[in-house]
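Heads up: the sequence shown begins at 0 in numbering that gives the first Met the number 0, then just goes up one per residue.
Just so it is clear, CB atoms sit at the ideal spot from N, CA and C, and this is done for glycine as well.
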Amino acid sequence: MKRNPNLVHLSSEHHDGLVIALRIKKALDHLQDYQVLIDYIHHLWPSLKHHFSQEEDNFLAYPTIQKQDKLIKRMLDEHLEFEYIITKINPDNPDLRNDLQAFSILLKDHIRFEERLLFPYIEDQLTTQELAQVGTQLEQTHRPLDANWGPNFWD
Ligand SMILES: [Fe+2]
Numbered sequence: 000m001k002r003n004p005n006l007v008h009l010s011s012e013h014h015d016g017l018v019i020a021l022r023i024k025k026a027l028d029h030l031q032d033y034q035v036l037i038d039y040i041h042h043l044w045p046s047l048k049h050h051f052s053q054e055e056d057n058f059l060a061y062p063t064i065q066k067q068d069k070l071i072k073r074m075l076d077e078h079l080e081f082e083y084i085i086t087k088i089n090p091d092n093p094d095l096r097n098d099l100q101a102f103s104i105l106l107k108d109h110i111r112f113e114e115r116l117l118f119p120y121i122e123d124q125l126t127t128q129e130l131a132q133v134g135t136q137l138e139q140t141h142r143p144l145d146a147n148w149g150p151n152f153w154d
């Protein structure tokens with residue numbers, strides 16, 4: 000199904016998020032020093048958090064969307080999982096490689112879940128007018144993910 004145009008900013012950030020996840024996954028196959036990945040992820044983190052807030056604030060602003068809805072709960076739980084995993088993306092972590100891999104998998108799976116299940120649900124639950132309000136809000140406050148930041152470690 001075609002994405003509602005009012006959600007395209009979020010979907011375009013999802014596209015960039017999938018690029019980021021793939022780059023991290025590939026880099027883990029050949030990089031010896033993971034510092035470049037640590038820097039990359041920490042640079043992207045404020046924009047990712049902003050993206051999560053945009054989803055939470057916009058979707059939960061309407062009475063047909065509730066925190067305890069199964070799909071909304073999964074979204075919120077996974078956003079919290081990112082908050083936890085980011086604390087482990089640092090050079091002192093002896094299990095860094097596994098956690099970088101876990102970050103990349105979580106990012107990919109979370110985006111697929113939102114695109115395949117959550118966004119169709121949101122499109123179904125919100126009225127045309129509410130979706131238009133979300134679109135206007137995102138137009139003013141969205142912030143693209145800077146997937147190309149930093150040295151090129153992915154080619
Ligand atoms: Fe998202």
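beta-carbon residue i near ligand 2 non-hydrogen atom, thresh 6 Å
| i | result |
| --- | --- |
| Glu-80 | The ligand content of the structure shown is limited to ligand 1, which means ligand 2 is not among them. |
DSSP state of residue i mapped onto helix, strand, coil
| i | result |
| --- | --- |
| Ala-146 | coil |
| Trp-44 | helix |
| Gln-100 | helix |
| Thr-140 | helix |
| Lys-107 | helix |
| Leu-59 | coil |
| Asp-123 | helix |
| Pro-93 | coil |
| Ala-85 | According to the sequence provided, residue 85 is Ile. The question's Ala does not apply to it. Reduced to three states, the DSSP call for Ile-85 is helix. |
| Lys-1 | coil |
| Lys-24 | helix |
| Gln-65 | coil |
| Tyr-33 | coil |
Whether residue i touches residue j by CB criterion (7 Å)
| i | j | result |
| --- | --- | --- |
| Glu-114 | His-13 | yes |
| His-29 | Trp-148 | no |
| Leu-163 | Leu-116 | Examination of residue 163 is not possible in this model, given that the chain is present from 0 through 154 alone. |
| Arg-142 | Ser-46 | yes |
| Val-133 | Asn-57 | yes |
| Ile-88 | Ile-23 | no |
| Leu-144 | Asp-15 | yes |
Best match in the options for proximity to residue i [C-alpha to C-alpha]
| i | options | result |
| --- | --- | --- |
| Gln-53 | Gln-128, Gln-136, Asn-151, Trp-153 | Gln-136 |
| Lys-25 | Thr-127, Thr-86, Arg-96, Glu-138 | Arg-96 |
Should the stretch 89-108 be called in touch with the stretch 15-35, which here means at least 3 C-beta pairs below 8 Å? yes
Between the stretch 59-67 and the stretch 78-90, do three or more beta carbon pairs fall short of 8 Å? no
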